[in-house]
Amino acid sequence: MKQASFSVKDLVNAGLFSLLIVIVSFVSGMIGFLPITMPIVPFFGALMSGPLFMLYSTKIRRFGMVLVMGLVSALVFVATGHTILIVLGTVLAALLGEYILKRGDYRSIKHARWAYVAYSLSSCANLLPIYLTRDAYMQKVIDQGYGKEFAEQMFSVLPDWSFFPVLLLGALGAYLGCTIGIKMLKKHFSQSGMA
C-alpha cells in the first residue's frame, strides 16, 4: 500500500536532489557568461542534470516529489535574482511531470524520462523577461554591470522569435541527459523495480 504522506526520507531525497540539480543548473548556466551561448543554456543545463533526475526517479513513489523538488529549485532561483515567473513556470512544469510519472505508476523509466522533459520546460521561464520586456530587461542587464556590448550580443542571439526553438532545444537536452542517465544507472533501475 502506498503511503499517503511524505516520509522524512522523501523530504530528504527531494531536498538533496533539488539542491544537486540547482547546483548543476547553475554551473551549466555559467556558459551564459558568454552572451552568444545564451540560447543553449537550457539545453546544456537539462543535459547535465538529466542523469541526476533519473537517479532521483528511482526514489519517487508518490505524487508531489517532483513538485517539492521544483519549488525548492524555484525558490533558490528567486533568491538569486531571477523573476517570480520561474515559480509559476516550475509549478506548471512540475505538475505536468507529476502527471506523467503517475501515468507510469512511478515505475516506468520511459515515463520518468518524459516527466523530466516536461519539467525541464520550466528553465525557459527564466528567459521570459527577455521576450516580454526586452528594453527593460536589456537595461537591467546593463545596470547589473554586464555592459551594453554584452547585452546587445545576448539580445542579438535571442531574437523575438527564438523562445520556442530555445524551449525545444532545452527539452532535447533533457531527453538526451535522461538517456545518458538511463544507460549509466541500469543497476539502480533494476534494484528499484523500474522497467
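Going by numbering that gives the first Met the number 0, the sequence shown opens with residue 0, and the numbers climb by one from there. Built from N, CA and C at the ideal position, the CB exists for glycine as well.
What separation, rounded to the nearest whole angstrom, lies between the Cα atoms of residue i and residue j?
i      : j      : result
THR178 : VAL77  : 29 Å
SER6   : LEU126 : 35 Å
ASP134 : LYS147 : 12 Å
TYR174 : LEU51  : 13 Å
VAL26  : GLY192 : 32 Å
PHE32  : THR82  : 18 Å
TYR118 : ALA150 : 28 Å
SER121 : GLY172 : 13 Å
GLY49  : GLY180 : 6 Å
MET0   : VAL140 : Bear in mind that a pLDDT of 39 at MET0, under 50, signals an unreliable position, so the model cannot answer this.
MET183 : ASP142 : 43 Å
PHE62  : SER155 : 41 Å
LEU46  : GLN138 : 30 Å
LEU87  : ILE20  : 18 Å
ALA114 : LYS186 : 20 Å
TRP160 : LEU131 : 11 Å
LEU100 : HIS110 : 5 Å
LEU70  : ASP104 : 22 Å
Please classify residue i as buried or exposed, where buried requires at least 16 neighbouring CB atoms within 10 angstroms.
i      : result
ILE108 : buried
ILE59  : buried
ARG112 : buried
THR89  : buried
LEU84  : buried
PRO41  : buried
ILE22  : exposed
PRO158 : exposed
PRO34  : buried
PHE163 : exposed
SER4   : exposed
SER189 : exposed
SER24  : buried
Taking the alpha helix (DSSP H) that residue i belongs to, which residues open and close that run?
i      : result
ILE20  : 7-28
MET40  : It should be noted that the sequence gives Val, not Met, for residue 40. 40-56 is the extent of the alpha helix (DSSP H) around VAL40.
PHE62  : Unbroken run through PHE62: none, as it is neither H nor E.
VAL140 : 133-140
VAL90  : 84-102
GLY180 : 162-183
HIS110 : 108-119
ALA150 : 147-155
Using 8 Å as the limit for Cβ to Cβ distance, is residue i near chain D?
i     : result
MET53 : No chain D appears in the structure shown, which is made up of a single protein chain.
Practice problem: Please determine if the stretch 12-23 and the stretch 36-56 are in contact, where contact requires at least 3 C-beta pairs separated by less than 8 Å. | Solution: These segments touch.
Quiz item: Between the stretch 95-108 and the stretch 144-160, do at least 3 Cβ pairs fall closer than 8 Å?
Solution: Verdict: no, contact absent.
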